[in-house]
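Student: Mapping the sequence shown onto this note's numbering, position 381 (from 1) lands on 673, and the numbers just tick up by one.
Don't be surprised by glycine CBs; every beta carbon is placed ideally from N, CA and C.
As the structure is a computational prediction, the values presented were derived from the model and not from experiment.
This is the structure I want to talk about, given as structure tokens.
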Amino acid sequence: MTFDFDTVIDRRGTDSQKWQKYAGRDILPLWVADMDFKSSPAIISALQERVAQGVFGYARPVKSTVDAFVNALEQRYGWSVDPSWLIWLPGLVVGLNIVAQAFAQPGEEVITLTPIYPPFMSAPKNSVRASVQVPLRLDATQHRWEIDWVALERAVTPKTKIFLLCNPHNPVARVWRRDELTGLGEFCVRHNLVLCSDEIHCDLILEDLPHIPTALLGGDIAGRTITLMAPSKTYNVPGLGTSIAIIPDPTLRAQFIRATAGVVAEVTSLGFTACEAAYRDSEAWRQALLKTLRSNRDLLVDYVTRELPGVVIEAPIEATYLAWLNVSALKLADPIAHFEKHGVGLSDGAFFGSPRGEHVRINFGCPRATLTEALSRMKRALTAG
Ligand SMILES: Cc1ncc(COP(=O)(O)O)c(C=O)c1O
293 MTFDFDTVID RRGTDSQKWQ KYAGRDILPL WVADMDFKSS PAIISALQER
343 VAQGVFGYAR PVKSTVDAFV NALEQRYGWS VDPSWLIWLP GLVVGLNIVA
393 QAFAQPGEEV ITLTPIYPPF MSAPKNSVRA SVQVPLRLDA TQHRWEIDWV
443 ALERAVTPKT KIFLLCNPHN PVARVWRRDE LTGLGEFCVR HNLVLCSDEI
493 HCDLILEDLP HIPTALLGGD IAGRTITLMA PSKTYNVPGL GTSIAIIPDP
543 TLRAQFIRAT AGVVAEVTSL GFTACEAAYR DSEAWRQALL KTLRSNRDLL
593 VDYVTRELPG VVIEAPIEAT YLAWLNVSAL KLADPIAHFE KHGVGLSDGA
643 FFGSPRGEHV RINFGCPRAT LTEALSRMKR ALTAG
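So, in structure tokens, the structure goes:
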């Protein structure tokens with residue numbers, strides 16, 4: 293079966309956040325992390341069938357939805373998850389915020405590695421917990437973003453309660469290796485931290501590398517791990533708000549559930565429908581998507597290297613459809629405004645904790661024609677000065 297990742301779908305004038313940002317302006321939006329592809333045909337037809345039934349009451353997941361998710365974890369990662377460990381959430385960022393509230397008191401600290409998806413830093417602050425940020429280190433000879441273990445140890449205080457991990461890591465697109473994950477797990481055990489592992493990008497690995505669920509590491513690590521997953525990035529259904537927290541430990545699970553009470557909305561029936569079709573019926577589509585993303589990634593890397601002097605991809609893009617570009621050599625006071633002026637909307641690296649003007653993030657989850665046009669606009673932006 294073939295799938296269409298080439299047709300440019302007109303999202304202007306729709307409810308798309310990504311496209312509304314530049315409504316009425318000729319700017320290609322390659323910022324927020326959703327893709328300009330349709331979801332899988334299996335998801336679309338499951339939704340159509342669900343809509344045709346026509347009743348949209350309060351929803352609960354049925355067994356087939358839970359089975360679809362649990363079976364995917366077993367098949368892909370060899371992870372046997374008990375359905376009682378699952379807590380359904382209307383968004384993964386909700387989960388990050390609940391973790392901060394449930395496992396730290398006001399004034400206590402939540403550590404993360406930067407640059408990082410901004411809610412990792414804002415979630416603690418939303419509930420007056422402190423965000424402690426430990427920068428990743430770029431090993432320029434290995435071309436790898438590495439954990440700075442010395443800085444990490446130094447950052448811990450008696451007030452530190454939680455470690456927020458992004459596995460794989462947005463925005464540097466690293467797939468963490470077993471030794472690194474084990475090191476982080478042992479770090480959390482040593483300092484008695486709850487380990488929250490956001491694995492929303494785990495089904496979008498572009499290199500021949502395994503995704504290792506953090507909770508599968510041995511010893512005492514699983515018992516302190518809260519894993520957050522979702523079909524939203526991989527199957528392009530983030531607007532349907534469906535995420536899952538996996539919490540094997542009953543005490544942590546009860547604490548987490550208590551923090552959701554009265555403030556976290558239910559997942560919708562359309563969200564459950566899409567989730568089931570995603571995990572059970574969309575594997576061929578996902579494989580075709582990965583092929584498209586690999587090809588877009590290669591095009592991007594090649595074009596940046598050959599045609600965009602001063603723009604540097606510092607390390608391989610191992611996962612996600614997001615690339616982290618160092619633009620500091622361009623010496624632009626405001627790189628985002630500059631590229632917007634030339635018709636491309638990127639994400640500002642400063643929001644991810646990178647020094648102002650140093651990095652931008654580009655979303656290459658779009659038809660090749662869109663990416664090609666965006667790259668040639670970026671080239672014009674460089675020559676226009
Ligand atoms: C690492 C990470 N976590 C969470 C999210 C967003 O999750 P949600 O839309 O379910 O809140 C994103 C979106 O880009 C992300 O990259």
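1. For Val402, which option in Arg368, Gly641, Leu378, Lys453 has the closest C-alpha, if you only look at C-alpha atoms?
2. Just to confirm my understanding: we take Ser574, look at its own chain, exclude 5 residues before and 5 after, and list those with CB closer than 7 Å. What are they?
3. Does the distance from the CB of Val358 to the CB of Leu378 come in under 9 Å?
4. Is the CB of Leu520 under 9 Å away from at least one CB in chain B?
5. Compare the C-alpha of Leu562 against each of Lys525, Phe348, Val603, Phe295 and name the closest.
6. Flag Tyr409 as yes when its Cβ comes closer than 8 Å to any non-hydrogen atom of ligand 2, and as no otherwise.
7. Can you give the Cα-Cα distance for Leu582 and Thr534, rounded to whole angstroms?
8. Nearer than 8 Å: is that true of the beta carbon of Asp490 relative to any heavy atom of ligand 1?
9. Could you spell out where the beta strand (DSSP E) holding Trp371 opens and where it closes?
10. Are the stretch 477-485 and the stretch 511-528 touching by the rule of at least three beta carbon pairs closer than 8 Å?
11. Are Val467 and Leu501 closer than 9 Å when you measure CB to CB?
12. Would Ser620 pass as a contact of Ile628 if the rule is Cβ separation under 9 Å?
13. Classify Met521 as helix, strand or coil using the three-state DSSP reduction.
14. Can you give the beta carbon distance from Leu322 to Gly649, rounded, assuming they're within the 8 Å contact cut?
15. Going by the C-beta, is Gly370 closer than 8 Å to any heavy atom of ligand 1?
16. When burial is assigned at 16 or more other CB atoms within 10 Å of the CB, is Val652 buried or exposed?
17. So Thr612 and Ala338 are in contact, right, with Cβ under 8 Å, and what is the actual spacing, rounded?
18. Pull up the DSSP beta-bridge partners for Asp431, would you.
19. Please state whether DSSP places Thr404 in a helix, a strand or coil.
20. Assuming Phe631 and Ala673 are in contact, meaning their beta carbons sit under 8 Å apart, how far apart are those beta carbons, in whole angstroms?
21. Can you determine whether any heavy atom of ligand 1 sits closer than 8 Å to the C-beta of Asn418, and answer yes or no?
22. Should Leu473 be counted as a contact of ligand 1 given a C-beta to heavy atom distance under 8 Å?
Tutor: With the given structure in hand:
1. Lys453
2. Ser332, Ala334, Ile335, Tyr527
3. yes
4. Although the question refers to chain B, the structure presented lacks it and comprises just one protein chain.
5. Phe348
6. This structure simply doesn't include ligand 2; it includes ligand 1 instead.
7. 22 Å
8. yes
9. Premise fails: Trp371 is in no beta strand (DSSP E) and is neither H nor E.
10. yes
11. yes
12. no
13. strand
14. Actually they do not touch by this definition, with Cβ atoms about 19 Å apart.
15. no
16. buried
17. Rounded, the Cβ-Cβ distance is 25 Å, inconsistent with contact.
18. Arg436
19. strand
20. 5 Å
21. no
22. no
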